[in-house]
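Worksheet for the structure shown next.
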């Protein structure tokens, strides 16, 4: 079918010569490198695309326009592929059939580009419509694979490899009219092609099978031995791309099907050691991924232990910069040169979140391109966490030899050795700890090395030891060491090299987080250096200075609120604030920085607050207008401006407390905020509900005129069908309801039962929800019970057990006190409602370390004594006997004996 026949049925449609000429001409024009009027050409093509048979023309040009260049045919094919994405669903069946019939013969075309484009179009068809609608396709692809004609085989394999990559599950599913799943016919043929003399076929076949390791269809599982034999057969293939795919297969297998590799593990490790030194960097990189995957798969360490003396030197050798590494070129760049637009990575602001969030702190990566050097350092990091100090006897002599290498040509080895120290800084800390002062004493002078990349890696490696450097300040020598590291990093902040500036600033931010109050005596010198860097840096690194300033404010808090510090810190920031327009994205990191400073300074920020507050209101207004009408707003809509401004207003509210009232009363924040709470973007809503909760705490009167609307929209966030996808919004809305409840009390009545029923559902089905939402749900339920016990208590038997379990997980604080006031109020109103969950209530009470509020302590006492008197005939004793000894011990303070 694919060899040139099979077009008879489609003879009904014939292109018109004029249309054919016109479209070919446009495609030719569009490809011309000097075409100034590309948009005009594009508009004409768009115009043609309105005609129902335009895609037929493209298929005809692609498949068999005689005398037309391959480039024009390929352009027609790619345009057809793009059109299919939007047009296939509504395309008349006759046109679909015509295009399909024209495509199939192209699979075996003599020209490789035509074959490849045909494969891309076929894969697009399958992605959108599946294979059931095109029964001839699978037949044709099998026929081509079995044809022994290399062009047909390659064309078929090209199309199949794209389908396997884009929609592998399509071939591994039942299709009406077929006796078995398509993948059953293809896997044996793919495995057979591992032995093909043609490198392209070997590569495409192996790549296609690899796509199914995760899905593991029955046919592949049954052919596992043959697949593994094939991998070992291809292990030393002369084509680097094939060797790379062999490595990728082993990495995938160890990640998801480690059991099948177990019998072959020694051979696989031996192979990986060899290819980790492959001449081709991409092969070596893929092999290097194996070591991290091995560690993450939690294989027994002993299988790898004996290979460490061979593996560690390879990793260290690969950690040195290669001569053509782009970082070496970049590192020579002058710090005074402005950044190019492409150097400025997009940045994303994380919306404000109220509660205990489980976030992993990613190490700040020094550069952003993943390469063999990075992968080797990551593998060493993993190995150090698995084997700990065991690796030091093998590793340290190599590291020391590299560190002591002299001469200009050895700088890359010295740099790799410093990187190695950083990589093992966590996993081998026990073995390194006794020598830490020597290591740090060695690293500090390297901050002044003549090679910028040694200066930058020394910053990063020192930051990896921040925690221990700060711990050491408890004794005199450690204090000196901390000062040396601090002043060394501050010196590097003012380096002329952009790469070093970035590394120093990131390392300093890490040190700040650990050091906290240790920074206070040195605030003067720190601020002077940071503000000097602020004046010196180009745009990209300026973002990291903002981060370091924000981290400093978080670390030292109110200590920053002194005139001598504010005189250094604020004027340059305010100047920058005034220079940037309301639509400049460089405002984002500055807004974030101000948020931290406002929280740290508290009422000390009042002198700067008015213009900052006013501008936030103005930006939110402009952006809300831009969303509806960007032309009249004069700026395109970007929700991140709204999110950053809402978060800064939250920071101001938290910092100024009731002091923000005068600003709120003179603005339309209430109406803007309500609009933001209804926004369709979840991160806007997340920040809006955080601000709603903050305002509820300090100036609820200003929310009052629209209280019912705020409560209604907040309640709606709790029972969305896709709660798991917007869990952070629900979390903040839930918290805000609780904050409003304790301020407006009985005015909550109209929404109480709606909210309580949503909260109970969350507590009864906590699977997949985060810890913070469960905590806030329990607290808000308690606060509602406290303010409206007569409404909540009749329903308490439905939720007491799950509620008490959640309450017992919350740490002691004022919010937990509120929740327990609600518990006591409900029990007073409906004592029998808690009888079924009395054991759980006792456990919740026992979860307190200490109730600091005397009146709450007395209330809890009364509740317990009330039940003791209420339960007769040994029922109380029976309840007590169901409690574990530690719980009983905790309840003793309530004089129950």
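Numbering (UniProt numbering), first residue to last: 1 to 897.
All C-beta atoms in this analysis are idealised placements derived from N, C-alpha and C, irrespective of residue type, glycine included.
Note that the structure is a prediction, hence the values are computed from the model and not measured.
Burial state of residue i, where buried means 16 or more other Cβ atoms lie within 10 Å
| i | result |
| --- | --- |
| residue 765 | exposed |
| residue 450 | exposed |
| residue 776 | buried |
| residue 291 | buried |
| residue 832 | exposed |
| residue 539 | exposed |
| residue 529 | buried |
| residue 452 | buried |
| residue 458 | buried |
| residue 581 | exposed |
| residue 276 | buried |
| residue 668 | exposed |
| residue 735 | buried |
| residue 373 | buried |
| residue 845 | buried |
| residue 152 | buried |
| residue 190 | buried |
Nearest-angstrom beta carbon gap, residue j and residue i [assumed within contact, 8 Å]
| i | j | result |
| --- | --- | --- |
| residue 117 | residue 77 | 4 Å |
| residue 308 | residue 394 | 6 Å |
| residue 754 | residue 715 | 5 Å |
| residue 447 | residue 491 | 7 Å |
| residue 688 | residue 673 | 6 Å |
| residue 285 | residue 375 | 6 Å |
| residue 637 | residue 626 | 4 Å |
Rounded C-alpha distance that separates residue i from residue j
| i | j | result |
| --- | --- | --- |
| residue 391 | residue 422 | 14 Å |
| residue 861 | residue 744 | 28 Å |
| residue 56 | residue 85 | 15 Å |
| residue 727 | residue 91 | 40 Å |
| residue 17 | residue 108 | 27 Å |
| residue 377 | residue 424 | 9 Å |
| residue 615 | residue 606 | 15 Å |
| residue 359 | residue 771 | Any reading at residue 359 is ruled out, since the residue's pLDDT is 38, under 50, leaving its predicted position unreliable. |
| residue 433 | residue 418 | 16 Å |
| residue 74 | residue 113 | 7 Å |
| residue 900 | residue 738 | In the structure as shown, the chain begins at 1 and stops at 897. Residue 900 is therefore absent and cannot be evaluated. |
| residue 560 | residue 593 | 14 Å |
| residue 891 | residue 874 | 18 Å |
| residue 134 | residue 208 | 21 Å |
| residue 839 | residue 800 | 10 Å |
| residue 622 | residue 678 | 17 Å |
| residue 472 | residue 552 | 20 Å |
| residue 170 | residue 257 | 22 Å |
| residue 811 | residue 180 | 57 Å |
| residue 39 | residue 98 | 30 Å |
| residue 241 | residue 201 | 12 Å |
| residue 497 | residue 611 | 35 Å |
| residue 856 | residue 763 | 24 Å |
Beta-carbon proximity list for residue i, same chain, < 6 Å, skipping 5 on both sides
| i | result |
| --- | --- |
| residue 220 | 187, 212 |
| residue 217 | 172, 183 |
| residue 514 | 466, 467, 470 |
| residue 272 | 287, 290 |
| residue 885 | none |
| residue 649 | 616, 691 |
Contacts around residue i, its chain only, beta-carbon distance under 8 Å, and the 5 residues preceding and following it disregarded
| i | result |
| --- | --- |
| residue 893 | none |
| residue 20 | 57, 60, 61, 65 |
| residue 670 | 664, 702, 703, 705, 706 |
| residue 7 | Only weak support is given to the placement of residue 7: the predicted model assigns it a pLDDT of 45, under 50, and the value that follows is read from those uncertain coordinates. 101, 102, 105, listed in sequence order. |
| residue 255 | 293, 296, 297 |
| residue 899 | Absent from the structure is residue 899, since the part of the chain shown begins at 1 and ends at 897. |
| residue 210 | 245, 248, 249, 252 |
Neighbourhood of residue i by C-beta, 7 Å cutoff - its chain only, sequence neighbours within 5 removed
| i | result |
| --- | --- |
| residue 414 | 402, 403, 405, 454 |
| residue 379 | 288, 291, 292, 315 |
| residue 386 | 295, 301 |
| residue 684 | 639, 642, 643, 676 |
| residue 733 | 689, 714, 717, 718 |
| residue 389 | 428, 430, 431 |
Distance cut-off 7 Å: residue i Cβ against heavy atoms of the ligand PLP
| i | result |
| --- | --- |
| residue 189 | The ligand PLP is not part of the structure shown, which contains no ligands of any sort. |
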